[in-house]
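Residue numbers (my numbering): -9 to 80. Where is the CB? At the ideal position from N, CA and C, for every residue including glycine. This structure is a prediction, so every number in the text was calculated from the model and none was measured. I have placed the structure first, in the form of C-alpha coordinates, so that the comments after it can refer back to it.
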(Lines of atoms letter the chains of each structure in order from A and count residues from 1; the text may use other names and numbers.)
(Lines give C-alpha, C1' and ligand atoms only; values in the text may rest on other atoms or scores of the structure.)
Protein backbone atom coordinates (compact mmCIF):
# COMPACT_ATOMS: atom_id res chain seq x y z
CA UNK A 1 0.00 0.00 0.00
CA UNK A 2 1.41 3.40 -0.93
CA UNK A 3 0.49 6.84 0.41
CA UNK A 4 -2.23 7.47 -2.19
CA UNK A 5 -3.90 4.14 -1.44
CA UNK A 6 -3.68 4.85 2.29
CA UNK A 7 -5.33 8.25 1.79
CA UNK A 8 -8.14 6.59 -0.22
CA UNK A 9 -8.62 4.01 2.53
CA UNK A 10 -8.72 6.66 5.29
CA UNK A 11 -11.20 8.76 3.30
CA UNK A 12 -13.57 5.83 2.75
CA UNK A 13 -13.39 4.47 6.33
CA UNK A 14 -13.72 7.86 8.04
CA UNK A 15 -16.29 9.17 5.53
CA UNK A 16 -14.26 12.31 4.80
CA UNK A 17 -12.89 13.82 1.60
CA UNK A 18 -9.60 12.67 0.15
CA UNK A 19 -8.18 16.16 0.69
CA UNK A 20 -9.06 16.03 4.39
CA UNK A 21 -7.61 12.53 4.67
CA UNK A 22 -4.39 13.70 3.00
CA UNK A 23 -4.11 16.66 5.38
CA UNK A 24 -4.67 14.44 8.42
CA UNK A 25 -2.11 11.87 7.25
CA UNK A 26 0.43 14.63 6.57
CA UNK A 27 -0.24 16.07 10.04
CA UNK A 28 0.33 12.68 11.69
CA UNK A 29 3.56 12.08 9.75
CA UNK A 30 4.73 15.61 10.58
CA UNK A 31 4.02 15.13 14.28
CA UNK A 32 5.94 11.84 14.36
CA UNK A 33 8.92 13.43 12.52
CA UNK A 34 8.98 16.44 14.84
CA UNK A 35 8.83 14.31 17.98
CA UNK A 36 11.55 11.93 16.76
CA UNK A 37 13.75 14.87 15.73
CA UNK A 38 13.56 16.13 19.33
CA UNK A 39 14.62 12.68 20.55
CA UNK A 40 11.20 11.65 21.85
CA UNK A 41 9.06 8.60 21.21
CA UNK A 42 5.56 8.22 19.77
CA UNK A 43 3.45 5.42 21.24
CA UNK A 44 0.19 4.40 19.62
CA UNK A 45 -1.36 1.86 21.99
CA UNK A 46 -2.28 -1.30 20.12
CA UNK A 47 -0.24 -0.30 17.06
CA UNK A 48 3.36 0.29 18.14
CA UNK A 49 6.08 2.69 19.17
CA UNK A 50 8.28 4.93 17.03
CA UNK A 51 11.64 5.81 18.60
CA UNK A 52 15.12 7.05 17.71
CA UNK A 53 18.13 4.79 18.08
CA UNK A 54 21.81 5.68 17.77
CA UNK A 55 24.06 3.76 15.43
CA UNK A 56 27.73 3.91 16.40
CA UNK A 57 30.48 4.99 14.02
CA UNK A 58 32.08 2.02 12.32
CA UNK A 59 34.47 0.94 9.61
CA UNK A 60 33.00 -0.43 6.40
CA UNK A 61 34.33 -1.57 3.06
CA UNK A 62 33.85 -0.08 -0.38
CA UNK A 63 32.44 -3.09 -2.30
CA UNK A 64 34.02 -1.95 -5.56
CA UNK A 65 37.60 -1.42 -4.35
CA UNK A 66 37.67 -3.26 -1.03
CA UNK A 67 39.07 -0.10 0.57
CA UNK A 68 38.21 0.51 4.25
CA UNK A 69 36.00 3.56 4.79
CA UNK A 70 34.77 5.30 7.92
CA UNK A 71 30.99 5.42 8.42
CA UNK A 72 29.80 8.23 10.70
CA UNK A 73 27.55 7.67 13.69
CA UNK A 74 23.88 8.21 12.89
CA UNK A 75 20.46 8.47 14.46
CA UNK A 76 17.99 6.03 12.90
CA UNK A 77 14.22 5.69 13.32
CA UNK A 78 12.96 2.43 14.81
CA UNK A 79 9.48 0.95 15.02
CA UNK A 80 8.47 -1.63 17.60
CA UNK A 81 5.06 -3.20 16.88
CA UNK A 82 2.53 -3.43 19.69
CA UNK A 83 0.87 -6.60 20.93
CA UNK A 84 -2.45 -5.96 19.17
CA UNK A 85 -0.69 -5.50 15.82
CA UNK A 86 1.32 -8.68 16.31
CA UNK A 87 -1.82 -10.59 17.30
CA UNK A 88 -3.69 -9.30 14.23
CA UNK A 89 -0.99 -10.76 11.97
CA UNK A 90 -0.82 -14.18 13.63
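Here the C-alpha atom of residue 7 lies approximately 11 Å from the C-alpha atom of residue 14. The alpha-carbon separation between residue 10 and residue 16 amounts to approximately 10 Å.
When the five nearest sequence neighbours on each side are left out, the beta carbons in the same chain lying within less than 7 Å of the beta carbon of residue 62 are those of 47, in order along the chain. Within the model, the alpha-carbon separation for residue 59 versus residue 26 is close to 28 Å. Under the three-state reduction of DSSP output, residue 22 falls in the helix class. Per DSSP, reduced to three states, the secondary structure at residue 6 is coil, with no helix or strand assignment.
Leaving aside the five residues that flank residue 72 on each side, the residues in its chain whose CB is nearer than 6 Å to its CB run, in chain order, 36, 37, 38. Contact annotation: residue 76 and residue 43 have beta-carbon atoms that are not nearer than 8 Å.
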